[in-house]
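Encoded as structure tokens, the structure appears first; notes follow it.
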Amino acid sequence: MTRGDDRDHNDFLSQSGNRLTRIEAQPSVGQMEHGSSGDEPAPGRPVDARTILLIVLGTFGGAVATLVPMAFSLALRIDQLAPGRPELLGVVIAVSAATALVTSPIGGLLSDRTRTRWGKRRPFTVVGVALGLSGVPVLVLAEDVLTLCAGWVVCSLGFATAASSVRNLQADRLPSSQRGRVSGLTSLTMQLAPVFGILLVGSVAHDTTLLFALPAAVGAVSLLTFAILVSEPSSGRARPPTRLSVLGVVRSYGFRPRQAPDFAWLWAGRFIVFSGLTLTTSYSTFFYAQRLGLEIPDVAGILAVTSMLSIVSLGCGSLGAGWLSDRTGRRRPFVIVGGAVAATGCAIAATAWSLPVLLAGSFLMSLGVATLTSVGAAIGLDVLPDRDTQAGRYMAIMMFSQRVPSVLAPLVGPLLLSLPGGPPSGNFAALYVTAAVLLAGGSGVIAAMVRGVR
């Protein structure tokens, strides 16, 4: 850390904020794609271990705060408010994801153009945490699914904004030689966060307050620690951005695929992959309840066991693939292998009605998904357009490929579950087979069509 960074860091801790954040934007997509805001480019030298640790910590906090309620807390709350209506979980998740879909590019654009002595990413971490915490009381006190949905929209939007600031700082700071390893660490963290979270809330499954308050508290502490301690250069001395028209804001939601073909193909492949992944994660609680003949509250223990047994596969997939891809300079083989292994795990789960077979499918799914997502994240940083001036905007667009499926897949899920040939509680075989096809197909698109990586 440089002395200048130390001064900026101390300012963040001690200044009262007498200097207002200036957030403006530019007039057109043409200027956005070819202009410069004067922000400092990503440094060529590797970042230190302390910064990497803080990135991992911030990623962990964002994942606990958002993924644990999606994987467990919301399912229990909906079962309390509307028993026997598991499809409402998909609706709640879809509405919150649609909200994030609309707001995330604006957040990325504003972050790119924020001018403060504390940098352009950390203010959004703090604001996001505050917004996320404000939604927790609504989730706890909700007396119907509509109110629950409104609370989750606020809570998830806030913590997603804070988590996006961590990803944007990665794009700003990481050189190519560290992207695979750090992406592996953050991918592993995102996979392990639900394990920790489910273990945390599983013992308080009958306490509505703690179901949501505990994940939010862990997320807030982790993300605020990141914001306070991470080093980020001041953006206050950068050239002030020009103004942005309404049309320019609308155009910021997209990009020109012909000008960034690798980015476009990666986006398409990720969209397919996350469509398959979201199908399985959205209904995992109900899936295990059906296959093992359990009541919904009793699934917490099974989810914790399967998640803990997946730690080895997650470590091998995320850390191993990320490190090897940096070491060899090759990304494509890991994408192919990861997609194939994940699809195999889904196929096994589709036919499983016993715990040992379910564990085998879970292990392979975790291994494949961890490999695929960690290396895929590194590819995303490799092919990111206009990194120096618009990293936040393009990272938000990249997240579309994850958030659009999180809107659509929970809505498609009930259609698959209602297909004939399955038990009354849902045709999960059809859902998991569809997920397997999507995981294999999406990884194939990335491996075959993204030409800028080996």
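Here the sequence shown is numbered in the numbering used here, starting from 201 and rising by one per residue. Just so you know, even glycine gets a beta-carbon here, dropped at the ideal spot from N, CA and C.
With 16 or more neighbouring CB atoms inside 10 Å of its own CB, Ala591 falls in the buried class. If the five residues before and after Thr425 are omitted, its C-beta is found closer than 7 Å to the C-beta atoms of Leu257, all from its own chain and listed in chain order.
In the three-state scheme derived from DSSP, where H, G and I count as helix and E and B as strand, Arg285 is classed as coil.
Separation of Gly419 and Thr386 (C-alpha to C-alpha, rounded to the nearest whole angstrom) is 15 Å. Under the three-state reduction of DSSP, Thr551 is assigned to coil, being neither helix nor strand. For the 8 Å CB-CB criterion, Leu254 and Leu429 form a contact.
The residue among Ser625, Gln378, Trp352 with its C-alpha nearest the C-alpha of Thr299 is Trp352.
The stretch 484-572 is shown to contain whole alpha helix (DSSP H) runs of 4 or more residues at 484-492, 499-509, 511-514, 521-528, 532-550, in chain order. For Asp372, the uninterrupted alpha helix (DSSP H) segment begins and ends at 345-373. DSSP places Arg315 in the strand class (E or B) of the three-state scheme.
Around the beta carbon of Ala489, 16 or more other beta carbons sit within 10 angstroms, so the residue counts as buried. Closest in C-alpha terms to Val336, from the list Asn627, Thr408, Val633, comes Thr408. The Cβ atoms of Thr389 and Thr571 do not sit closer than 8 Å to each other. Minimum Cα-Cα distance from Val366 among the listed residues Pro375, Val326, Leu477 corresponds to Val326. For the set Ser525, Gln280, Gln391, the Cα lying nearest the Cα of Thr266 is the one of Gln391. Excluding the 5 residues flanking it on each side, Leu559 has same chain C-beta neighbours closer than 7 Å at Thr506, Leu509, in chain order.
Under the DSSP assignment, Gly454 falls outside any alpha helix (DSSP H); it carries neither an H nor an E label. Less than 8 Å separates the beta-carbon of Arg321 from that of Leu369.
Ile511 and Gly522 have their alpha carbons spaced roughly 16 Å apart.
A distance below 6 Å between beta-carbons, with the five flanking residues on each side excluded, links Ala547 to the following residues of its chain, in chain order: Ala636.
Where Ala413 is concerned, the enclosing alpha helix (DSSP H) starts and stops at 408-429. Residues Ala521, Ser525, Thr571, Val575 of the same chain have their beta carbon placed closer than 6 Å to that of Phe534, with the five preceding and five following residues left out of the count.
Cβ neighbours of Val404 within its own chain (closer than 8 Å, five residues either side excluded): Leu410, Leu411, Leu414.
Pairing Leu466 with Val604 gives a Cβ-Cβ distance that is not under 8 Å.
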